[in-house]
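Before any comments, here is the structure.
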Amino acid sequence: MQKEEVLHIFPDFMRSAWEKVAEQAEHLQEIRMRVNQPVTILMDNKEWFLSESGELTQEWSQAMYSSEKELEAVLTHVCHYSIYAFADEIRQGFMTISGGHRIGLCGQVILENNNQIRNIKYIRYLNIRIAHEVKGVSDKALPCLYHQGEILNTLIISPPGCGKTTMLRDLVRNFSEGNVYGRGRNVGVVDERSEIAGSYLGVPQNDIGIRTDVMDACPKREGMMMLIRSMAPDVLAVDELGSVEDIEAMHQAIQCGCKMLATIHGFSIEEVERKEYMKDIMCEQLFERYMLLGKKNNRCNIIGIYDKERKLCSNWQE
-14 MQKEEVLHIF PDFMRSAWEK VAEQAEHLQE IRMRVNQPVT ILMDNKEWFL
36 SESGELTQEW SQAMYSSEKE LEAVLTHVCH YSIYAFADEI RQGFMTISGG
86 HRIGLCGQVI LENNNQIRNI KYIRYLNIRI AHEVKGVSDK ALPCLYHQGE
136 ILNTLIISPP GCGKTTMLRD LVRNFSEGNV YGRGRNVGVV DERSEIAGSY
186 LGVPQNDIGI RTDVMDACPK REGMMMLIRS MAPDVLAVDE LGSVEDIEAM
236 HQAIQCGCKM LATIHGFSIE EVERKEYMKD IMCEQLFERY MLLGKKNNRC
286 NIIGIYDKER KLCSNWQE
């Protein structure tokens, strides 16, 4: 992550104010701009304000405020001065830009007659989420996720903010490229919110491996079926299971011979099992491995990897 990459998010006339923030690009997580409100910056999980002089401060009274002109300028700039070309992304409430960074958008929603969202106008709130790849974060988990060279169906369980998408992305790369535990496999990624591959104009901005195909900005159910029909993946990867439809599609994928790699929000296996839409698939023990993420010493980490009987894997080492 380079300083220039952060500066290029902003139009030329705004860049001088962001110089010092950009110098700390490796620690930068979020930039929030709200009309007529202070600019807030999340860095190493700590909130800061941006002052008029470009300094980071924790004093609200010294904060720089975002104007309508600045918000419109940032949005127009990241859309390459053709907002209409990004209408589909804007309608979803977010867009992915070069580098895999994601910008969340809020404003006035325009509805179709069937109450479907047609557009968002008067965009007055931006959440710029800075993408950070962490290659190798999944390496120590690999011995537990293979059996005799074959990938095991794996569910990553994680509370919010503990790196489940980062872990998922790195496992996709490892499964795709191959490693000492198994050969490289064809991996299909359904990237519903463009967070795994971070595709920009169809091109992944993150390293997801040499044998990976991406269905970008596509609902999980439809994406899984499309990938099975069109790309014949050995492994399917999806982020944030959250509905009966997701589980049904995943069940079909497993029956078609695909291995599954998925994530879900939760603090424990037991909590996930209590989710109504997860009960049946957990009872069937279709997941052969459960990876539990959490925080240790204020850092995201793998808490443990468990087999389908909920027992800690014998070859797991912290």
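Here this note's numbering is used: the first residue of the sequence shown is -14, the next is one more, and so on. Where is the CB? At the ideal position from N, CA and C, for every residue including glycine. Here the structure is a predicted model, which is why all the values come from computation and not from measurement.
For residue i, which beta-bridge partners are listed by DSSP?
{"i": "Glu32", "result": "Leu27"}
{"i": "Met276", "result": "Ile141 and Ile290"}
{"i": "Leu96", "result": "Ile102"}
{"i": "Ile249", "result": "Ile142"}
{"i": "Val223", "result": "Val175 and Ala247"}
{"i": "Leu297", "result": "Tyr291"}
Taking the alpha-carbon positions, what's the residue i to residue j distance?
{"i": "Ile195", "j": "Thr42", "result": "43 Å"}
{"i": "Gly163", "j": "Asp155", "result": "12 Å"}
{"i": "Gly92", "j": "Glu53", "result": "12 Å"}
{"i": "Glu37", "j": "Gly85", "result": "28 Å"}
{"i": "Val122", "j": "Asn159", "result": "10 Å"}
{"i": "Tyr291", "j": "Glu269", "result": "16 Å"}
{"i": "Ser299", "j": "Ile(-6)", "result": "47 Å"}
{"i": "Gln9", "j": "Lys(-12)", "result": "7 Å"}
{"i": "Leu221", "j": "Ala247", "result": "8 Å"}
{"i": "Val188", "j": "Gln77", "result": "19 Å"}
{"i": "Gln47", "j": "Pro23", "result": "9 Å"}
{"i": "Met310", "j": "Glu74", "result": "There is simply no residue 310 to check, as the chain begins at -14 and stops at 303 in what is shown."}
{"i": "Val157", "j": "Lys106", "result": "36 Å"}
{"i": "Leu60", "j": "Gly183", "result": "18 Å"}
{"i": "Glu225", "j": "Ala116", "result": "18 Å"}
{"i": "Lys31", "j": "Glu273", "result": "37 Å"}
{"i": "Ile102", "j": "Glu303", "result": "46 Å"}
{"i": "Ser228", "j": "Tyr262", "result": "6 Å"}
{"i": "Ile142", "j": "Ala70", "result": "37 Å"}
{"i": "Asp124", "j": "Asp198", "result": "21 Å"}
{"i": "Lys281", "j": "Arg214", "result": "42 Å"}
Is residue i helix, strand or coil by DSSP?
{"i": "Ala217", "result": "coil"}
{"i": "Arg284", "result": "strand"}
{"i": "Val6", "result": "helix"}
{"i": "Lys244", "result": "strand"}
{"i": "Leu212", "result": "helix"}
{"i": "Asp124", "result": "helix"}
{"i": "Glu261", "result": "helix"}
{"i": "Glu207", "result": "helix"}
Start and end of the beta strand (DSSP E) containing residue i?
{"i": "Glu15", "result": "Leu13 to Arg19"}
Got a sec, what are the start and stop residues for the alpha helix (DSSP H) residue i sits in?
{"i": "Ala234", "result": "Val229 to Gln240"}
{"i": "Met(-1)", "result": "It is not in any alpha helix (DSSP H) - Met(-1) carries neither H nor E in the DSSP assignment."}
{"i": "Val199", "result": "Per DSSP, Val199 belongs to no alpha helix (DSSP H); it is in the beta strand (DSSP E), Thr197 to Asp201."}
{"i": "Glu(-11)", "result": "Lys(-12) to Leu(-8)"}
{"i": "Lys264", "result": "Lys264 to Cys268"}
{"i": "Glu258", "result": "Ile254 to Glu258"}
Verify the CB distance criterion: does residue i have a CB-CB separation below 8 Å to chain C?
{"i": "Ile141", "result": "The displayed structure is made up of one protein chain only, and chain C is not part of it."}
**Report entry** Minimum length 3: unbroken beta strand (DSSP E) runs contained in the region 37 to 120
**Finding:** You should have 79 to 81, 87 to 96 and 102 to 114.
Query - Complete runs of the alpha helix (DSSP H) confined to the region 126 to 188 [at least 4 residues] - result: For the region 126 to 188, whole alpha helix (DSSP H) runs of length 4 or above, ordered along the chain, are 149 to 162.
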